[in-house]
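Protein chains in written order, with our numbering: chain A, 495 to 1155; chain H, 490 to 703.
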């Protein structure tokens, strides 16, 4: 890798002539909004730090030229600490972008410029985008960007990308970018000396400037250290020795000294650039924020949000009204009889007819479940979730529950995957990577797999149990208890120290309807891409099972197990469905209930067992990807046994006490 | 006046016996030095003690000097334990050696650094010095962890004290840097503070590690 960077550029461009622009910056400054605006694609954007955990790529035509745009997860500094930050820096280290757009928040110019300094120092082709200017202006800040541009020696552009402000200027600047004379910033004599001592041991030329790499080495950046081991095989020992020497000499406070020196550079840079009003302007958002984070007002507010958002909107409207309309009125009453007649006319063989329109037919069962039951519930949930996400409420919820979450070995940060889990556990399992430690990630993955029902399942179960008095309460109580019980247990059993909690609170904002809908739409799209094939596959397998008689055998085999937790043998069907999709299983229960095959006790036991039961195929695959085979299998086995045991105990308890009899 | 180490120790023992244990005098037999040790002579020459019928009595001048000496001793103990983390007998031994260096203003520096402690590690009172009275008069809390701030209180970040390097870097990246202005917005259920125009939420453990000056 120790070739000249020019050669490398040529080699890269030889491979594909497309130029690259990378978006980098602190979390929650609007990189993804800018990405969407430039590419016309859509990656999820919202109002909480850490929405993007992966790199997204898209294409854009900027002034007639084709560019690849790369969106990265937020990072606080080029010396990376968390996983997402590492992913973001990979782009800078490995991809040699032609332009790096550093996006930052105008209100926090002083804090965030420290990274601009680092990017310039790394000799990267930086353009600075000072974003969220609209809110800065509303707070009465006046910012002289020309002066800043002069002092930095790089293009500086004012923008409010969510309001489409500054987009043309950004495009022009990207197209017109020429490596110019960025100003260089120097540290104290002592630090410069240390840097020089390290750089003199560097022989090759690298993607980033030697100065910047030297500082990363001195900060004991593991990844960069490993890279040097690879790059400079011969010279590495001498380099490592020098670095070791200096880090030892400055062991007391190297990080602090460096931060303070950078802060000092920034302070000089923004002198007279930012003029703040005498008196802090308190915006409406800040007032609402205060209400949301005080326990006295925050808890009632949470309950109101849950009542209207989850219960009224998702539960009653989505799972009630819309499901009724689609499933009963459209499918059962009109579409299914019609399609059945059509298929019977078209296909003479009964067995093939069964595949499409039979009891487990692809159309009469698969499509009906997917469109009639799951779609409305998931759609309403995602609208609710996206809206809440864009207001900036979740970080506030996180700080409200942090103390409680510590008991189950999690930090408040985990509230976001947990709430998202009520939408889709598969998506939520992916989001657990924003948690700090492996321990937290495993506990969160386990709890998601076990005790958090996804929206489709939740909707069906609420609809199902609402009809039996008290059943919903028993089910809810069980879930909450088991969630806490397993959480506390996991926190006790899992080795590792208690997590720490820190989170940036984004300002509360009024969500933009367009973004909420687009986001819901893309989530739905993702969801459907994932579930529809599985639904169809499930239908086919069930049909095969029925035709070959294998299915009957399986139900027979499961009958004693079902009977031991007091359930009729038909519920075995729902459990077999559950293997394919959690919600599919719940929807199976729904069918049984409408046929009047189960009493209140049986319904409740079945609902509890099924909610706890192993995650759907998709979630299991994500678990495997994120946590590895061993952990995923262990969780799968634990969850299945635990579900059965809980169902058994609950059934005995209900029989004994006569509750729900 | 510079007393010898032995003289200081005698004076300390005498001060504790008289001031804290309510005795009238100190029996030289309870001391580790022979009664004819020159240290006694030194103390009587400075008119800090008198010896009558073989017993040691403190003079008013000696009371003052004794108080300052015991203050240095207990400050040294605090320093050993709180800052240098040297405990037990070894801490005690080191404190005894160290206290003799705490003269000519060094005690004021140490006392301020320790934020004017009122008791020694064994729970005995540390006689307040002029610096303590001054701090109290100004209502100057000195440097305290963020947890000691009241909601709405503003201050300046003094330093971050954490063993965990990554935690430190994270905090610094969030703008928690010495010299920055900080406002504590709320302290329950989590700590919320504002630096610049950003707000951050942290838990109690982290809040304990951020030290602020009013």
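Every residue gets a Cβ at the ideal spot worked out from N, C-alpha and C, and that includes glycine.
Since the model is a prediction, treat every value here as computed from it, not as a measurement.
Going by DSSP, name the residue or residues bridged to residue i.
| i | result |
| --- | --- |
| residue 531(A) | Partner(s): none; residue 531(A) has no beta bridge. |
| residue 690(H) | 997(A), 681(H) |
| residue 756(A) | Its beta-bridge partners do not exist; DSSP assigns none. |
| residue 1056(A) | DSSP, once it has assigned bridges, lists no residue as partnering residue 1056(A). |
| residue 644(H) | 671(H) |
| residue 700(H) | 634(H), 648(H) |
| residue 622(A) | 596(A), 650(A) |
| residue 513(A) | 561(A) |
| residue 515(H) | 545(H) |
| residue 637(A) | 768(A) |
| residue 608(H) | 614(H) |
Assuming residue i is part of the beta strand (DSSP E), what are its boundary residues?
| i | result |
| --- | --- |
| residue 652(A) | 650 to 652 |
| residue 596(A) | 593 to 599 |
| residue 552(A) | 550 to 556 |
| residue 538(H) | 538 to 541 |
Mapping the DSSP letters down to three states, classify residue i as helix, strand or coil.
| i | result |
| --- | --- |
| residue 613(H) | coil |
| residue 837(A) | helix |
| residue 616(A) | coil |
| residue 725(A) | helix |
| residue 502(A) | Note that residue 502(A) scores a pLDDT of 41, beneath 50, so its modelled location is shaky and nothing firm can be said. |
| residue 1145(A) | helix |
| residue 501(H) | helix |
| residue 1150(A) | helix |
| residue 559(H) | helix |
| residue 540(A) | coil |
| residue 907(A) | helix |
| residue 777(A) | coil |
| residue 632(A) | helix |
| residue 926(A) | helix |
| residue 659(A) | strand |
| residue 523(A) | coil |
| residue 665(H) | coil |
| residue 518(A) | strand |
| residue 677(A) | coil |
Which residues in the same chain as residue i place their Cβ atom closer than 8 angstroms to its Cβ, once the five residues preceding and following it in sequence are excluded?
| i | result |
| --- | --- |
| residue 1150(A) | none |
| residue 751(A) | 685, 744 |
Nearest CA to the CA of residue i: which residue from the options?
| i | options | result |
| --- | --- | --- |
| residue 1010(A) | 1041(A), 656(A), 525(A), 744(A) | 656(A) |
| residue 696(H) | 616(H), 660(H), 687(H) | 660(H) |
| residue 809(A) | 875(A), 660(A), 841(A), 844(A) | 875(A) |
| residue 559(A) | 567(A), 531(A), 551(A), 669(A) | 669(A) |
| residue 825(A) | 865(A), 722(A), 802(A) | 865(A) |
| residue 800(A) | 677(A), 710(A), 891(A), 1039(A) | 891(A) |
| residue 950(A) | 835(A), 869(A), 615(A) | 869(A) |
| residue 1015(A) | 831(A), 524(A), 535(A) | 535(A) |
| residue 818(A) | 867(A), 784(A), 856(A) | 867(A) |
| residue 604(H) | 612(H), 578(H), 572(H), 588(H) | 572(H) |
| residue 994(A) | 1030(A), 732(A), 929(A) | 929(A) |
So, at 6 angstroms on beta carbons, what are the nonlocal neighbours of residue i in its own chain, with the 5 sequence-adjacent residues on each side left out?
| i | result |
| --- | --- |
| residue 911(A) | 922, 925, 926, 938 |
| residue 687(A) | none |
| residue 507(A) | In this predicted model, residue 507(A) has a pLDDT of only 45, less than 50, meaning its place in the structure is not dependable enough to derive any value. |
| residue 497(A) | At residue 497(A) the pLDDT is 36, less than 50, meaning the model places this residue with poor confidence and gives no usable figure here. |
| residue 505(A) | Residue placement at residue 505(A) is flagged as unreliable, the pLDDT there being 41, under the threshold of 50; the coordinate-derived value follows with that caveat. None. |
| residue 501(A) | Unreliable positioning characterises residue 501(A) in this predicted model, as indicated by a pLDDT of 40, which lies under 50. A coordinate reading is not provided. |
| residue 782(A) | 1002 |
Need the endpoints of the alpha helix (DSSP H) that residue i sits in, please.
| i | result |
| --- | --- |
| residue 588(A) | 577 to 588 |
| residue 544(H) | Where residue 544(H) is concerned, there is no enclosing alpha helix (DSSP H), although the beta strand (DSSP E) it sits in stretches over 544 to 547. |
| residue 1121(A) | 1111 to 1121 |
| residue 738(A) | 730 to 743 |
| residue 936(A) | 932 to 945 |
| residue 581(H) | 577 to 587 |
| residue 600(H) | 595 to 602 |
| residue 956(A) | 949 to 959 |
| residue 654(H) | 654 to 662 |
| residue 1094(A) | 1094 to 1106 |
| residue 691(A) | 683 to 693 |
Excluding the 5 residues flanking residue i on each side, which residues of the same chain have their C-beta closer than 7 angstroms to its C-beta?
| i | result |
| --- | --- |
| residue 615(H) | 560, 563, 564, 606, 607, 608, 609 |
| residue 664(H) | 684, 685, 687 |
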